[in-house]
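Only one structure is covered here, and it is reproduced in the block below.
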Amino acid sequence: MPGLSGKRILLGVTGSIAAYKAADWLRSLVREEAVVTVAMTEAAERFVTPLTFSALSGQAVYRDMFADEPGRVMAHINLSREADAILVAPATAQTIARLAHGMADNLLSSVILAARIPVVICPAMNSFMLSHPATQGNIRRLESFGYHFVQPGSGKLACGEIGDGRLADWDAAREKLLSLFQPDDLKGQTVLITAGPTREALDPVRFLSNRSSGKMGFALARTARRRGAEVTLVAGPVQLPDPPGIEVVHVATAEEMRREVMDRAATADVVVKSAAVADFRPSVYANHKIKKSQQGLQLDLIKNPDILAELGAKRFKRQILVGFAAESRDHAGEGQRKLREKNVDLVVVNDIMGATTGFDVETNQVTLIDYGEAVTLPLLSKEETADRIWDKVLQLQNRPAGA
Ligand code: PMT
Numbered sequence: 016m017p018g019l020s021g022k023r024i025l026l027g028v029t030g031s032i033a034a035y036k037a038a039d040w041l042r043s044l045v046r047e048e049a050v051v052t053v054a055m056t057e058a059a060e061r062f063v064t065p066l067t068f069s070a071l072s073g074q075a076v077y078r079d080m081f082a083d084e085p086g087r088v089m090a091h092i093n094l095s096r097e098a099d100a101i102l103v104a105p106a107t108a109q110t111i112a113r114l115a116h117g118m119a120d121n122l123l124s125s126v127i128l129a130a131r132i133p134v135v136i137c138p139a140m141n142s143f144m145l146s147h148p149a150t151q152g153n154i155r156r157l158e159s160f161g162y163h164f165v166q167p168g169s170g171k172l173a174c175g176e177i178g179d180g181r182l183a184d185w186d187a188a189r190e191k192l193l194s195l196f197q198p199d200d201l202k203g204q205t206v207l208i209t210a211g212p213t214r215e216a217l218d219p220v221r222f223l224s225n226r227s228s229g230k231m232g233f234a235l236a237r238t239a240r241r242r243g244a245e246v247t248l249v250a251g252p253v254q255l256p257d258p259p260g261i262e263v264v265h266v267a268t269a270e271e272m273r274r275e276v277m278d279r280a281a282t283a284d285v286v287v288k289s290a291a292v293a294d295f296r297p298s299v300y301a302n303h304k305i306k307k308s309q310q311g312l313q314l315d316l317i318k319n320p321d322i323l324a325e326l327g328a329k330r331f332k333r334q335i336l337v338g339f340a341a342e343s344r345d346h347a348g349e350g351q352r353k354l355r356e357k358n359v360d361l362v363v364v365n366d367i368m369g370a371t372t373g374f375d376v377e378t379n380q381v382t383l384i385d386y387g388e389a390v391t392l393p394l395l396s397k398e399e400t401a402d403r404i405w406d407k408v409l410q411l412q413n414r415p416a417g418a
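Just so we're aligned: the sequence shown equals residues 16 to 418 in my numbering.
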């Protein structure tokens with residue numbers, strides 16, 4: 016089941032001005048078909064009414080420790096038994112202190128004390144409250160219990176100050192939640208991924224490029240991070256937000272991509288080249304806009320460096336090297352040829368002719384080609400495809416020596 020669909024999330028809302036953002040997070044969870052139950056502290060109700068959360072979740076909100084309605088008497092025990100994870104957002108300094116000291120003086124803190132499921136805490140508070148040794152000590156203590164934190168963002172706070180303490184973006188919280196439901200089988204590995212197109216400038220306004228959106232490469236980066244890898248993503252010009260928890264290096268040209276990849280490749284356990292690198296670039300860059308007054312225009316192109324082939328020629332020790340191949344015909348033949356010519360461990364061949372595969376769509380249909388039997392995957396989302404590629408990488412890493 017992809018994403019958070021079907022996951023049962025207990026959303027704990029506490030008394031911060033950022034409580035209104037929790038309503039939006041709830042909408043995002045519901046849109047993704049997660050099953051959400053909301054528990055609010057009394058202080059949270061001062062900022063947003065329970066009605067907002069019950070209307071958005073389609074369920075009554077839990078507020079009272081001593082509710083005596085049937086089915087709610089043991090809520091402080093049962094709520095966590097009926098959930099897969101608890102998300103506390105926003106989490107105030109007060110709630111963090113309560114939890115760090117095992118206090119059970121309201122419904123939410125009692126539920127969390129009785130919980131044996133993952134707890135994700137998203138702090139939101141004034142930056143001085145956040146940096147206070149008491150709060151920092153409480154956060155460290157909770158981390159030592161195995162609680163997960165989503166780092167607050169930086170910027171202008173509701174109190175007017177500028178600093179750390181803004182509730183994190185939903186994207187970061189979502190990634191943390193997703194990582195809870197994944198094996199961390201890439202933990203300890205450093206992964207280098209390229210994504211998107213490159214742009215080769217003709218003059219100050221024009222360039223040669225291709226239709227790559229970066230979606231496949233970004234999906235590889237997000238899924239690897241969720242599975243515990245340290246990820247660096249070298250991305251050509253794309254319209255996608257930088258994924259949280261990932262070092263993103265933005266480049267424009269094939270030359271720039273080559274430089275950034277080569278600087279980092281030696282320390283990577285796995286390199287995946289899903290970028291659609293321009294094979295050629297104009298031999299001359301016109302410093303001024305080329306005028307259309309002339310009748311025709313002949314472009315002289317020169318070959319760009321083949322980054323994957325260079326990595327294949329170097330072959331860093333124990334590194335798994337994965338190439339992609341965007342093909343319109345003879346997928347298996349082209350995949351086999353690139354596997355050998357570029358000296359890589361795996362080639363992922365995507366059919367670029369289908370309306371739902373390849374460039375700039377949400378799904379992909381690929382064949383995994385290594386020195387064993389080729390495996391054709393069904394049409395999947397790009398994230399599901401990425402997960403299957405990571406499974407294959409792990410399989411290649413664990414193959415017996417000499418196989
Ligand atoms: O970005 P999306 O819209 O999600 O689309 C995804 C994708 C179709 C771009 C992606 O899945 C894909 O197929 N990427 C590789 C496209 C490509 O350039 O294929 P190729 O057959 O031209 O290159 C083969 C391999 O060599 C690739 O790993 C490529 O990154 C690498 N290469 C190519 C040329 C070059 N100068 N340097 C390279 O490293």
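Note that CB positions come from ideal geometry on N, CA and C, so glycine has one too.
Would the beta-carbon of residue i fall within 8 Å of that of residue j?
| i | j | result |
| --- | --- | --- |
| Ala187 | Gly232 | no |
| Ile322 | Val292 | yes |
| Leu114 | Ser125 | no |
| Leu26 | Leu102 | yes |
| Thr56 | Gly21 | no |
| Leu248 | Ala234 | no |
| Leu145 | Asp179 | yes |
| Pro320 | Arg273 | yes |
| Ser13 | Ala119 | Only positions 16 to 418 of the chain appear in the structure, and residue 13 is not among them; the question remains open. |
| Gly327 | Val359 | yes |
| Val266 | Gly251 | yes |
| Ile177 | Thr150 | no |
| Ala389 | Ala347 | yes |
Rounded C-beta distance between residue i and residue j? I'm assuming under 8 Å.
| i | j | result |
| --- | --- | --- |
| Val253 | Val337 | About 20 Å; that fails the 8 Å criterion. |
| Ile132 | Ala98 | 6 Å |
| Arg242 | Leu207 | Contact doesn't hold; Cβ gap of about 15 Å is too wide. |
| Glu47 | Gly18 | 5 Å |
| Pro297 | Glu215 | 6 Å |
| Val363 | Ile404 | 6 Å |
| Leu122 | Ala37 | Not a contact, Cβ separation roughly 16 Å. |
| Leu192 | Ala104 | That belief does not hold up - the Cβ atoms of Leu192 and Ala104 are roughly 10 Å apart, past 8 Å. |
Could you say which of the options lies nearest to residue i if we only look at CA atoms?
| i | options | result |
| --- | --- | --- |
| Ile384 | Gly369, Lys357 and Pro133 | Lys357 |
| Lys306 | Gly211, Arg221 and Leu19 | Arg221 |
| Ala106 | Phe164, Pro393, Ala389 and Arg330 | Phe164 |
| Ala139 | Thr213, Glu349, Pro167 and Thr209 | Pro167 |
| Thr213 | Thr110, Lys288, Ala38 and Met368 | Lys288 |
| Val299 | Gly311, Arg181 and Asp315 | Asp315 |
| Ala341 | His116, Leu312, Glu325 and Thr372 | Thr372 |
| Pro259 | Gly117, Arg189 and Gly229 | Arg189 |
| Gly211 | Thr64, Tyr35, Ile24 and Phe339 | Phe339 |
Can you tell me the Cα-Cα spacing of residue i and residue j, whole angstroms?
| i | j | result |
| --- | --- | --- |
| Asp184 | Ser194 | 16 Å |
| Leu44 | Val50 | 8 Å |
| Asp366 | Lys353 | 15 Å |
| Ala70 | Ala58 | 19 Å |
| Arg414 | Asp284 | 15 Å |
| Arg240 | Asp257 | 13 Å |
| Val381 | Val76 | 45 Å |
| Lys171 | Arg226 | 37 Å |
| Phe62 | Val28 | 10 Å |
| Ser72 | Val376 | 31 Å |
| Thr391 | Glu349 | 14 Å |
| Arg344 | Gly369 | 11 Å |
| Leu395 | Asp402 | 10 Å |
| Lys304 | Leu217 | 9 Å |
| Glu325 | Ser224 | 21 Å |
| Ile154 | Glu270 | 44 Å |
| Asp39 | Arg279 | 38 Å |
| Ser228 | Thr209 | 12 Å |
| Val286 | Glu158 | 31 Å |
| Glu399 | Ala281 | 28 Å |
request  = Enumerate, from N- to C-terminal direction, the unbroken alpha helix (DSSP H) stretches of 4 or more residues contained entirely within the region 212-258.
outcome  = As far as the region 212-258 is concerned, its whole alpha helix (DSSP H) runs of at least 4 residues are 230-241.
ask   = What alpha helix (DSSP H) runs, 4 residues minimum, are completely inside the region 16-84?
value = Taking only runs of at least 4 residues, the alpha helix (DSSP H) segments lying wholly in the region 16-84 are 34-46, 57-60 and 65-72.
message = Runs of 4 residues minimum, wholly inside the region 79-119: which ones carry the alpha helix (DSSP H) assignment?
response = If one requires a minimum length of 4 residues, the alpha helix (DSSP H) runs lying completely within the region 79-119 are 90-96 and 108-115, in chain order.
key: Every unbroken alpha helix (DSSP H) within the region 115-200, with a cutoff of 4 residues, ordered by chain   = Whole alpha helix (DSSP H) segments, 4+ residues: 122-128, 142-146, 148-159 and 185-195.
inquiry  = Ignoring anything shorter than 3 residues, give me the beta strand (DSSP E) runs that lie fully in the region 331-366, in order along the chain.
reply    = With a minimum length of 3 residues, the continuous beta strand (DSSP E) runs that stay inside the region 331-366 are 335-342 and 361-366.
inquiry  = Threshold first: 4 residues or longer. Then list the alpha helix (DSSP H) segments lying entirely within the region 263-306, N to C.
reply    = If we require 4 residues or more, the alpha helix (DSSP H) runs fully inside the region 263-306 come out as 269-280.
query = Hey, which unbroken runs of the alpha helix (DSSP H) at 4 residues or more fall wholly within the region 383-417?
reply = Correct list: 397-412.
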